[in-house]
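First comes the structure, then the notes that go with it.
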Amino acid sequence: MELIKPGINFDFVGKMRIAALVSAAAILISIVSLIAHGGPNWGIDFAGGTVIQVKFQKDVPIDGIRRSLDAVNLSEVTIQQFGARDEHEYLIRTAESTEDLKGLSGRIEDSLAAAFGRDGFEVRRVEVVGPKVGRDLTQKGIMAVVFSWIAMLVYIAWRFEFRFAVGGILALVHDTIITVGVLSLLRMEFSLVIVAALLTIIGYSINDTIVIYDRIRENMRKNVRQELAQVINASINQTLSRTILTVLTVVLVLVSILLFGGAVIFDFAFAILVGVIVGTYSSIFIASPLVLAWERARPSKRKRK
Amino acid sequence: MFQSIKLRVLIAAAVVLASAYFLLPSVVPELPASVKNLFPKNRIHLGLDLQGGMHLVLEVDTAKALEGTVERLANSVKDGLMEKRVRFRGVERRPDNTIGIELPSREARADLEKLLAEQFPDLEIQSADLADGREKVVLRLREKRVAEMKKSIVDQSLETIRNRVDQFGVTEPEIIPQGEDRILIQLPGVKDPKRAVDLIGKTALLEFKLVDEEHSLEEALRGNVPAGSILMKGARESGERSGARRDTWYLLKERTLLTGQSLENAQVKISDRFGEPYVAIKFNAQGARDFDRITGENVNRRLAIILDGVVYSAPVIKERISGGDAQITGAFTTEEARDLAIVLRAGSLPAPVKILEQRTVGPSLGQDSIDKGIRSVIIGMILVGLFMVFYYRLSGLVAILALVLNIVILLGAMALFDATLTLPGIAGIVLTIGMAVDANVLIFERAREELRLGKTPRAAIEAGYARAFLTILDTNVTTLLAAVFLFQFGTGPVKGFAVTLSIGIIVSMFTAIFVTRIIFDHVTWNRKIKALSI
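As you go down the protein sequences, you meet chains A and B in turn. Residue numbers for the first sequence follow our numbering, beginning at 1 and rising by one. Residue numbers for the second sequence follow our numbering, beginning at 306 and rising by one.
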């Protein structure tokens with residue numbers, strides 16, 4: 001079977017301007033969304049706070065849970081259904097965290113027990129992150145992302161040429177910003193696991209880009225007389241069926257995690273799904289044309305005969 | 306590459322068998338004893354997010370522990386100055402853990418410096434100001450000494466916590482220092498996190514002080530605490546369970562007569578008369594002598610037993626107590642008494658600890674996550690498999706074989722390296738599937754291109770592998786780079802993801818390139834086939 005007929009020749013490079021506009025708009029929307037929301041929706045990993053995941057025996061109104069917690073005297077509580085409706089699971093969040101041993105979570109548990117009975121619910125997960133750790137984790141998360149950018153820049157510059165590395169990294173920055181933007185638009189929580197997702201996206205997206213770069217390099221050697229724009233366009237077309245196939249398989253597995261992996265891993269899989277789609281787009285429409293733009297701005301000294 | 310297909314089959318088979326060998330104990334935990342010894346002990350560890358348990362990060366308040374040391378040093382310096390007949394005014398510990406001294410003259414300062422050089426090598430002069438003919442000197446602990454002390458405080462805390470956890474009975478606990486003053490604790494399978502936190506975090510400083518019976522408690526509660534005495538809260542009364550909360554207060558002599566350091570053992574016993582649990586403590590030789598003397602000197606007075614600044618009981622000393630046995634009573638449950646005995650046996654923490662981070666996953670959620678994780682991986686694999694066969698026909702089958710082997714080898718390698726499987730790690734397996742498939746797609750697409758150019762199946766396969774190899778290497782190395790940074794900066798489950806992804810990428814290169822090639826070479830070399838099913 002074939003999805004893409006051989007010899008097909010879409011004019012990807014010709015769509016460069018439109019793609020640049022689309023990307024610029026997407027980045028702008030992402031940044032505006034981030035500014036409007038005052039940054040990402042930091043989860044407790046970074047902001048500090050307490051999350052308790054509770055599973056009730058039967059359906060319980062959210063208001064009822066809220067009322068039962070009045071006695072604990074929390075400044076800001078959000079209660080949210082978690083997973084499927086018939087699971088009766090809720091996430092109770094507060095920005096507060098305690099460093100003392102009595103513990104906020106213990107008091108919340110006691111209040112729930114008073115209202116619903118000890119056997120009426122089960123505490124499935126408790127996470128308490130103090131502000132100090134939150135700062136540490138934020139710093140580490142940012143360093144992980146930035147260092148991985150730099151490491152890839154160096155590797156690609158070594159394996160290919162510097163202009164390829166710049167195109168690849170800009171595409172990665174592009175993917176990261178837009179993925180964070182989508183998460184911000186959907187008000188999804190930005191947790192440590194999301195940082196892991198971002199790094200995975202970076203890995204995947206550069207993967208995709210390199211396959212195309214590799215073909216460009218090969219074609220440049222084969223057809224030395226050809227215009228770079230044509231080489232790039234031909235290379236993207238030649239690798240197109242691979243690109244689509246791989247994306248499809250990855251999307252297949254990601255969708256199966258989204259559907260069957262459970263609520264705990266849903267956000268992670270969702271972020272990767274968004275990133276994979278954006279990353280595939282950027283490999284075709286951003287990373288490779290950027291090499292061309294770089295070449296036009298500063299023609300390479302190695303004259304192509 | 307290796308020319309001999311037989312040799313390559315041998316290598317592949319050896320790797321797969323070795324993986325199965327390492328993997329078996331993880332998959333079948335209940336092997337019969339006779340067979341069990343034949344297999345390695347290493348198993349894939351499940352992360353706390355999968356098996357349930359508790360993750361704690363504690364910070365040791367080293368500054369607090371230093372306070373005591375500086376206080377003692379200040380007193381010693383004071384004594385030293387008096388001995389040398391140097392006049393001074395006020396030797397005191399300041400809030401930033403320095404010692405401030407006021408001296409009347411330059412000469413006095415010279416004497417102080419001599420004293421420091423002779424008796425206090427750990428102290429140095431931080432600053433000295435001459436004002437109105439008076440010398441104001443600030444002493445501080447040498448930095449090197451502070452660092453040493455902090456380290457020993459953390460080490461000691463670590464040891465104490467390890468002792469407590471051991472006695473609490475947790476299998477495979479992990480207690481490791483983190484950074485300068487933090488301790489990471491992982492307790493798999495803990496069912497009662499509240500109790501565990503309580504047990505680990507208690508400073509457990511046991512003190513004995515006399516009750517101040519000469520002054521009025523009421524007066525002290527109004528704010529007039531007599532010099533040399535302190536107010537202290539009593540432990541909760543037995544009525545608290547029923548909801549009636551009432552604080553009791555004690556007025557105590559400030560001086561501590563004896564501490565838990567003199568303890569040799571602590572055990573839970575049940576009282577004959579009321580059937581209530583209490584903690585029986587036994588002092589060591591020195592402690593027993595001190596206790597004997599203290600009780601002998603204070604018959605008919607009340608001796609308060611204090612744990613972490615809370616008075617547990619204050620019984621009247623009826624007679625001199627020799628032999629070094631005493632008991633702590635209070636309205637305990639058996640469990641509380643047992644935990645108290647544990648912390649007393651394990652000793653007190655040299656400094657209070659704060660909880661910086663606590664994550665607990667219940668065992669049922671962990672099991673849920675495993676079930677759903679495995680199900681989603683299997684469904685994902687089936688979907689990918691169907692797609693590959695549909696798209697590449699027989700060659701797709703080869704890719705599926707590579708996929709299955711990939712997972713077996715990946716899990717075998719994880720068992721071999723004692724790696725931890727976490728929930729994001731399962732997602733890492735899924736991504737590995739994607740990467741492995743991608744490698745085969747690259748090869749197959751290349752082979753197809755070559756076939757279209759009119760090459761023979763054998764030449765097309767050879768060109769496909771040769772051309773795709775560098776691409777696959779480049780793409781995988783870059784992904785590996787991302788995984789390395791994830792490992793470096795990640796914690797817990799995220800680290801598990803990085804490990805799984807890294808091993809998976811390396812294994813996928815082996816299965817997707819080396820193993821599949823054997824099959825294709827076998828088909829294209831030995832049989833003169835006209836067309837490839839690709």
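Ideal Cβ placement from N, Cα and C applies to all residues, glycine included.
Secondary structure of residue i, DSSP reduced to three states
i	result
Leu69 of chain A	coil
Ile488 of chain B	strand
Thr94 of chain A	strand
His360 of chain B	strand
Phe637 of chain B	coil
Leu351 of chain B	strand
Ser618 of chain B	strand
Asp119 of chain A	helix
Phe557 of chain B	For the sequence presented, residue 557 of chain B should be read as Leu rather than Phe. Strand, per DSSP.
Asp434 of chain B	strand
Leu336 of chain B	coil
Residue i, enclosing alpha helix (DSSP H) - first and last residue
i	result
Glu479 of chain B	No alpha helix (DSSP H) contains Glu479 of chain B, which is instead part of the beta strand (DSSP E) from 479-483.
Met16 of chain A	16-36
Val451 of chain B	448-473
Gln566 of chain B	Element bounds for Gln566 of chain B: n/a, residue is neither H nor E.
Gln139 of chain A	131-159
Val51 of chain A	Segment 49-56 is the beta strand (DSSP E) holding Val51 of chain A; no alpha helix (DSSP H) there.
Glu662 of chain B	Per DSSP, Glu662 of chain B belongs to no alpha helix (DSSP H); it is in the beta strand (DSSP E), 658-666.
Gly405 of chain B	No alpha helix (DSSP H) contains Gly405 of chain B, which is instead part of the beta strand (DSSP E) from 403-408.
Cβ-based neighbour list, residue i, same chain, cut-off 6 Å, excluding 5 preceding and 5 following
i	result
Leu716 of chain B	Leu328
Thr553 of chain B	Gly539
Val658 of chain B	Leu363, Val365, Gly506
Val470 of chain B	Pro478
Ile714 of chain B	Ser324, Val812
Gln663 of chain B	Leu361
Ile633 of chain B	Val584, Ile610, Tyr617
Arg643 of chain B	Val573
Buried/exposed call for residue i, threshold 16 Cβ in 10 Å
i	result
Ser288 of chain A	buried
Leu28 of chain A	exposed
Gly474 of chain B	exposed
Gln53 of chain A	buried
Met686 of chain B	buried
Pro827 of chain B	Per the sequence shown, the amino acid found at residue 827 of chain B is His instead of Pro. Exposed: under 16 other Cβ atoms inside 10 Å.
Asn745 of chain B	buried
Pro478 of chain B	buried
Met1 of chain A	exposed
Pro498 of chain B	buried
Asp70 of chain A	exposed
Phe121 of chain A	buried
Gly733 of chain B	buried
Met537 of chain B	buried
Ile35 of chain A	exposed
Same chain, Cβ closer than 8 Å to residue i, five either side skipped, listed in chain order
i	result
Trp149 of chain A	Ile169, Leu172, Val173, Ile202
Gly352 of chain B	Thr725, Leu726, Thr727, Leu728, Gly730, Gly797, Pro798, Gly801
Glu89 of chain A	Gln53, Val54, Lys55, Phe56, Gln81, Phe82, Gly83, Arg124, Ala263
Val77 of chain A	Arg66, Leu69, Ile92, Arg93, Thr94
Lys496 of chain B	Pro668
Leu747 of chain B	Ala773, Thr776, Ile777
Chain C contact for residue i (CB, 7 Å cutoff)
i	result
Glu89 of chain A	Looking for chain C here will not work: the only protein chains present are A and B.
Other residues of its chain near residue i: CB distance less than 7 Å, five sequence neighbours each side excluded
i	result
Leu463 of chain B	Ile480, Pro482, Ile488
Met188 of chain A	Asn41, Asp267
Ser432 of chain B	Val443
N- and C-terminal bounds of the beta strand (DSSP E) containing residue i
i	result
Phe588 of chain B	582-588
Met1 of chain A	First-last for Met1 of chain A: undefined, no H or E at that position.
Phe344 of chain B	Phe344 of chain B -> no beta strand (DSSP E), and no H or E assigned at all.
Ser534 of chain B	534-539
Any 3 or more C-beta pairs closer than 8 Å across the region 519-529 of chain B and the region 623-641 of chain B: no
If we count Cβ pairs, one from each stretch, closer than 8 Å, do we get three or more for the region 338-349 of chain B versus the region 484-500 of chain B? no
For the structure I just gave you, are there three or more beta carbon pairs, one from the region 406-416 of chain B and one from the region 437-452 of chain B, closer than 8 Å? yes
Meets three-Cβ-pair contact criterion under 8 Å: the region 193-200 of chain A and the region 266-279 of chain A: yes
Counting pairs of Cβ atoms below 8 Å between the region 12-31 of chain A and the region 769-786 of chain B, do you hit three or more? no
Measuring CB atoms only, is the region 232-247 of chain A touching the region 3-14 of chain A, in the sense that at least three cross pairs come out at less than 8 Å? yes
For the 8 Å Cβ check, are there 3 or more pairs between the region 214-233 of chain A and the region 307-317 of chain B? no
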